[in-house]
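So the mapping is simple: the working numbering equals the position in the sequence shown, first residue as 1, plus 147.
Ideal Cβ placement from N, Cα and C applies to all residues, glycine included.
Some notes on the structure that comes next.
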Amino acid sequence: MKKLAIALVISLFAAPTWAQGHRITGNQVIIGSQRQWENWEFAPGTLEISSQGEITPQFLRRDINAVEDIVSFLRLRPPEGLKKDPEDIELIDALDAGSNRADVVNVLDGDLSTYWEPDPLTGDTDLASQWWFSVDLGRYVIAKKLVLKFADEELGDPFLLFDVLVSGGEKPSANNRSPTPEYQTIQRILSPNKSKREFVVELPEDKELNGKGIRFVQVIVTGTDSTRAQEVSQEEYELLAAADRGKIEYYKRLPDGREIAIDAEIYSLLDEERRGSIRYFRREHPRLAELEVWAEGDEILIETLARGGTVSATQSTALNALFDGDVVSKGALVQGFSSLRDPEGQLLFDLGSFFWIDTYRIVYVRGGFVNYNLDFSDGGLAADGSLKWTTTATVGSSGGTVSVGHDFELLKARYFRIAWEQWETGTGRAGGVAWPVEIQLYGEGFQPEVTLESDLVTLGSSRNLLSVEWDADTPLGTKVLLQTRTGAIMDTLRTYFKKPLSALLAPKEVTKEQYEALSESKKGDIIEEVRMGSDWSDWSEPYENAAGSPITSPSPRQFLILRASLLSDDPSVSATLKEIRLKFGNPVAKGLLGEISPFVVDSLGVERSFSLFI
């Protein structure tokens with residue numbers, strides 16, 4: 148069996164039109180459909196591609212409902228213990244419940260006509276042990292408020308009594324291996340609720356975070372009217388479906404006119420004058436239609452690695468734990484050393500794309516950074532060739548607080564670092580350890596710069612590349628740049644593998660000679676990697692005329708790649724690219740023969756005339 152791996156996400160071989168990032172029609176290469184743009188290479192999550200084939204930089208939002216993208220974050224970083232491939236993770240994997248777990252998804256779908264209704268109570272189990280559910284938001288968010296919306300009156304009833312709890316994901320101090328996080332009650336309804344159908348729960352605010360850090364939400368029903376939801380007439384009762392019919396109560400009339408409830412059997416034995424009223428009730432249908440979690444916004448750091456970004460530090464630590472949306476994981480960064488080698492430590496992020504940023508938040512499990520700067524860079528270089536940094540905050544001691552936040556003027560950035568002071572302890576031991584568990588960045592606006600590259604365009608033979616034109620909307624402050632690279636040669640690198648002795652082992656790489664000497668039963672895959680040849684040009688200068696710019700990359704050529712950049716210097720507006728058309732033609736000749744005369748001269752350094760014949 149032979150597999151093909153393609154370097155730079157390009158393919159030399161013919162592919163069905165729907166799988167390509169372009170189509171060739173006549174003497175044009177055309178890109179303009181949703182499916183074609185999706186086959187270009189770009190940082191995930193940085194572009195919106197419409198069904199009409201228009202591409203726009205992603206808009207970074209503030210004030211989001213954090214339940215809307217739970218699945219995306221669970222797939223990005225599947226929880227420990229969830230034995231599923233990321234693509235198989237569903238919304239129900241974020242849910243737990245004591246009753247009717249399957250329908251909890253309905254409270255997260257944005258549809259008020261669907262709902263979660265707990266199953267009828269069973270056995271002697273406590274109500275609160277059965278009628279509850281919890282939601283994993285998929286990552287740690289800075290939440291402002293929760294909103295609970297119950298089904299409309301014609302569809303159901305609100306919960307009579309209930310509690311709302313939240314958790315950041317921390318484990319109970321008495322059992323740090325507990326599968327259930329430690330919850331805090333933030334709303335407790337103690338008076339029977341028969342009519343209120345929307346509750347807004349303002350979360351207790353951590354001043355540094357300007358919100359409350361949470362990952363889990365739990366709702367527990369603590370009271371029910373069960374079979375006595377609403378009194379109805381006998382006629383109304385008889386019109387109810389069997390599932391909606393509640394209790395029938397029988398009353399005995401006392402001599403003083405008062406009535407007391409009795410069993411139906413006793414009621415039937417009473418004389419007519421002793422019989423009191425009969426009361427009919429509709430059964431309660433406790434139905435929650437929606438749960439909303441309103442949070443700070445789209446957090447930037449958590450998807451750094453998915454975008455192709457990187458993170459590094461001047462010392463070894465669990466870097467991934469610092470921005471994984473999980474406060475159980477943590478890193479440790481030492482600030483005090485027994486022997487000082489460098490007065491400054493750094494934690495450096497390449498965000499993998501450009502963003503407008505104005506907010507920084509950090510949560511510690513214990514001690515924090517002391518004397519540090521928050522720095523950002525848009526990639527510009529200083530005189531010495533290093534990144535040019537803008538400092539947005541200079542911070543002293545965190546004062547023992549477990550969270551710190553800074554807001555600053557909106558700026559464009561691709562790189563972010565925390566640079567802290569390091570010192571010599573004088574004790575012979577290290578000290579001053581910072582224990583961050585979550586670092587977050589927020590902003591707002593269309594991404595200021597997004598770049599995408601086409602798949603390999605193969606023209607079949609060497610062609611003259613004539614011009615490129617494109618359709619785009621470019622409001623004031625935005626622009627679209629196009630560039631090309633061309634080449635005549637594609638190199639193929641083959642890697643050979645020997646089959647492992649067990650399916651649990653990885654295949655072993657071998658040389659071509661070793662592979663050919665193997666028996667057929669031991670031959671594994673041959674991986675072919677197609678790469679640009681040595682003759683490929685660098686990227687051209689950006690083309691300026693959308694109506695038609697002459698191609699400046701070397702031509703004629705058989706292969707080419709296009710690059711598009713969508714730029715904006717205003718976070719409120721963006722460019723939209725709709726279609727690209729590149730025109731080509733057949734060369735007049737594939738080669739030229741020439742003759743220079745005279746071919747031989749009798750002396751050098753003497754000015755003379757030559758003739759060139761083609």
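Integer-rounded CB distance, given that residue j should sit under 8 Å from residue i
i: Glu616; j: Arg434; result: Incorrect: roughly 57 Å between the Cβ atoms, too far for contact.
i: Leu629; j: Ala711; result: 6 Å
i: Leu588; j: Ile367; result: That belief does not hold up - the Cβ atoms of Leu588 and Ile367 are roughly 34 Å apart, past 8 Å.
i: Leu356; j: Gly552; result: 5 Å
i: Asp682; j: Ile636; result: 5 Å
i: Asp283; j: Pro326; result: Not quite, the Cβ-Cβ distance comes to about 12 Å (not below 8 Å), so this is no contact.
i: Asn611; j: Pro701; result: With 8 Å as the limit, Asn611 and Pro701 do not qualify as a contact, their Cβ atoms being about 11 Å apart.
i: Ala436; j: Ala298; result: 5 Å
i: Thr572; j: Gly483; result: 4 Å
i: Gln181; j: Ser198; result: 6 Å
i: Glu329; j: Ser314; result: 6 Å
i: Lys296; j: Glu345; result: 5 Å
i: Leu729; j: Gln175; result: 7 Å
Of the listed residues the options, nearest to residue i (C-alpha basis)
i: Leu238; options: Ser246, Val254, Gly245 and Glu227; result: Val254
i: Leu534; options: Gly543, Gly257 and Ser524; result: Ser524
i: Ile565; options: Phe496, Pro622, Ile504 and Ala619; result: Phe496
i: Asn186; options: His169, Thr639 and Ser197; result: His169
i: Ile708; options: Glu660, Thr506, Asp372 and Thr633; result: Thr633
i: Arg362; options: Leu242, Thr625 and Glu195; result: Leu242
i: Gly316; options: Val474, Ser756 and Ser614; result: Val474
i: Leu268; options: Ala213, Gly245 and Asp256; result: Gly245
i: Ser544; options: Ala581, Phe563, Asp531 and Gly527; result: Ala581
i: Thr621; options: Ala693, Ile217, Ser649 and Arg422; result: Ala693
i: Asp522; options: Ser550, Leu558 and Gly741; result: Leu558
i: Thr172; options: Arg286, Phe731 and Ala465; result: Phe731
i: Ile586; options: Gly472, Gly578 and Ser684; result: Gly472
i: Lys477; options: Pro490, Ser486 and Arg513; result: Arg513
DSSP-derived helix/strand/coil call for residue i
i: Pro267; result: coil
i: Phe189; result: coil
i: Leu651; result: coil
i: Asp403; result: coil
i: Tyr467; result: A small fix is needed here, since residue 467 is Asn in this sequence, not Tyr. The answer is helix: DSSP assigns Asn467 an H, G or I state.
i: Ser158; result: Reliability fails at Ser158, whose pLDDT of 38 lies under 50, so the model's placement of it is uncertain and the value that follows must be treated cautiously. Coil.
i: Val475; result: coil
i: Arg641; result: strand
i: Leu255; result: helix
i: Leu480; result: strand
i: Ser276; result: helix
i: Ile177; result: strand
i: Arg430; result: coil
i: Arg392; result: strand
i: Ile425; result: strand
i: Lys725; result: strand
i: Tyr690; result: strand
i: Ala530; result: coil
i: Ser696; result: strand
Within 8 Å, strictly: CB atoms of residue i and residue j
i: Ile504; j: Phe470; result: no
i: Val481; j: Gln493; result: no
i: Phe516; j: Ala560; result: no
i: Gly201; j: Lys626; result: A small fix is needed here, since residue 201 is Glu in this sequence, not Gly. Cβ atoms of Glu201 and Lys626: not closer than 8 Å.
i: Leu221; j: Ile236; result: yes
i: Ser373; j: Glu431; result: yes
i: Asp445; j: Ile289; result: no
i: Leu613; j: Ile698; result: yes
i: Val584; j: Tyr519; result: no
i: Gln277; j: Leu312; result: no
i: Lys645; j: Gly680; result: no
i: Glu349; j: Phe428; result: no
i: Gly590; j: Ser719; result: no
i: Glu491; j: Glu568; result: yes
i: Gly455; j: Ala653; result: no
i: Thr639; j: Ser687; result: no
Sequence-distant residues of the same chain with beta carbon closer than 8 Å to residue i, five excluded per side
i: Leu452; result: Val458, Asn467 and Gly499
Same chain, Cβ closer than 6 Å to residue i, neighbours up to 5 away in sequence not counted
i: Asp250; result: Trp263
i: Pro163; result: Per-residue confidence for Pro163 stands at a pLDDT of 40, beneath the threshold of 50, marking its modelled position as unreliable; the derived number appears in the next sentence. The answer is none, since no qualifying residue turns up.
i: Thr598; result: Ser712
i: Gly695; result: Ser614 and Glu616
i: Trp279; result: Gly245 and Ile367
i: Glu439; result: Asn212 and Val294
i: Tyr397; result: Ile409, Ala411, Tyr414 and Ile425
Sequence-distant residues of its chain with Cβ nearer than 7 Å to residue i (five each side left out)
i: Leu623; result: none
i: Phe555; result: Asp505, Thr539 and Ala540
i: Arg392; result: Tyr384 and Arg430
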